[in-house]
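In what follows, a single structure is set out as structure tokens and then discussed.
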Amino acid sequence: MKGVNDRRVVDSVEWTRCEEGGKSVESSGVKSLTQRSRLVTGNSASGKERLELEQEAIRRRDEHLRSVHQKKKKEKQEQGGLLTYKELTFWALSGLGFLAVMGFLIFGVLLMVGFMKPFEDSGPQSAWAATGEGKEVTYGSVIKLQHDRTKYRLHSHEVPYGTGSGQQSVTGFPGGEDANSYWVVKPVSDSDARQGDLVSDGAIVRLFHTRTRKWLHSHLHASPITGNYEVSAFGADDQSDTGDHWKLIIEGKGKVWLRDQKVRFLHVDTGGYLHSHDKKYSRIVAGQQEVCGYLKKNSDNLWFAAEGVYFPSRNEGKASI
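Take the sequence shown: its position 223, counting from 1, is numbered 223 in full-length UniProt numbering, and each next residue is one higher.
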């Protein structure tokens, strides 16, 4: 039994050898402990001494393993903290994703800047030059009408008149950026004109407000500020009458409505011209001008087509009435 116990002590001590980089190594402390164990076993060590040797061997083995681990960790740090393949893949994909998102954002901003450029309030010429080919106003085009003298746009919104008919008000709006100033040029319901047809001098047209889906309308009610004929927005997509009919009158010798051409709109039922002036509302729509029907022909009746989306002509110079 004594020989068996002695051998167990030696085995427990010599087991402190460890593997590092595929080679078997043994610390100097472990070697000295092994020598001591052999000395003790040779002198018939007591059970207490053998236990102490086993515990010492285990402690030194753990210290050695920790030392090896710290050494490897330090080497990795000295190499600049090289990333693993998975880490490299993760950060590479994250970087590409970030660049893609930034690219889309920059593209969106540039697209919006380019789209809005034609709508800057710098006069009609810049808008026309940026809208592309052709200068004709055609049926189906979505336009803003600009008052020639004051430069306000024909405008409407879901605000009723407090007097007169109580229908939806129509005003002159400063600046060209408001979406409530878009109107679709449409023929009268019994016309043969189609989208893309040119609009000739003397044509009877209707103007359809895109945001509220009502027609530019007039009647004998008095306008709020000057007491002229009231101009309102009235009806619906399929609800229109002769109160929505306006005769296009081109200023000068033109035969076809062009974007840069001054025009008048004469209301068929009342005989009043679509008119505005520098008299402004003080409440609810403060700062916006009155738009009304006016019986006399003067410079405040003149308008021109400004910003918008213009359908190309489909009949090359043939005007539609």
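Glycine is no exception: its CB is placed at the ideal position from the N, C-alpha and C atoms. Just so we're clear, the structure is a prediction, and the values are computed from it rather than from any experiment.
### Query
Is Lys71 near the ligand GDP, with its Cβ less than 7 Å from a heavy atom?
The ligand GDP is absent from the structure shown, which contains no ligand whatsoever.
### Nearest-angstrom Cβ-Cβ length linking Gly202 and Leu248, presumed shorter than 8 Å
7 Å
### Task
Return the chain-ordered list of same chain residues with a C-beta closer than 7 Å to the C-beta of Phe314, the five sequence neighbours on each side being excluded.
Here residue 314 turns out to be Arg, not Phe, going by the sequence shown. Excluding positions up to five away in sequence, the list reads Gly196, Asp197.
#### Entry: Candidates Glu49, Gly293, Ile225, Glu52, of which the one nearest Gly271 by Cα
Gly293
### Message
For Ala233 and Gly95, what's the separation of their Cα atoms in angstroms?
### Response
54 Å
### Query
What are the partner residues of Gln239, as DSSP defines its beta bridges?
Ala236
### Message
Just list the residues that DSSP pairs Lys280 with in beta bridges.
### Response
Gln289
### Task
Using only alpha-carbon positions, find the residue among Arg66, His147, His267 that is nearest to Asp278.
His147
### Query
With a Cβ-Cβ cutoff of 8 Å, do Leu207 and Trp246 count as a contact?
yes
### Task
Verify whether the separation of the beta carbon atoms of Ser181 and Trp215 is less than 8 Å.
no
### Beta bridge counterpart(s) of Gln146 as assigned by DSSP
Arg153, Phe304
### Task
Tell me Ser169's beta-bridge partners as DSSP assigns them.
Ser232
### Task
Measure the beta-carbon distance from Val268 to Glu251 and round it to whole angstroms, keeping in mind my assumption that it falls under 8 Å.
That pair is no contact at about 19 Å.
#### Entry: For Ser218, the residue or residues it bridges with in DSSP
Val231
### Task
Could you check which residue in Ala286, Gly287, Arg259, His275 has the C-alpha nearest to that of Phe311?
Arg259
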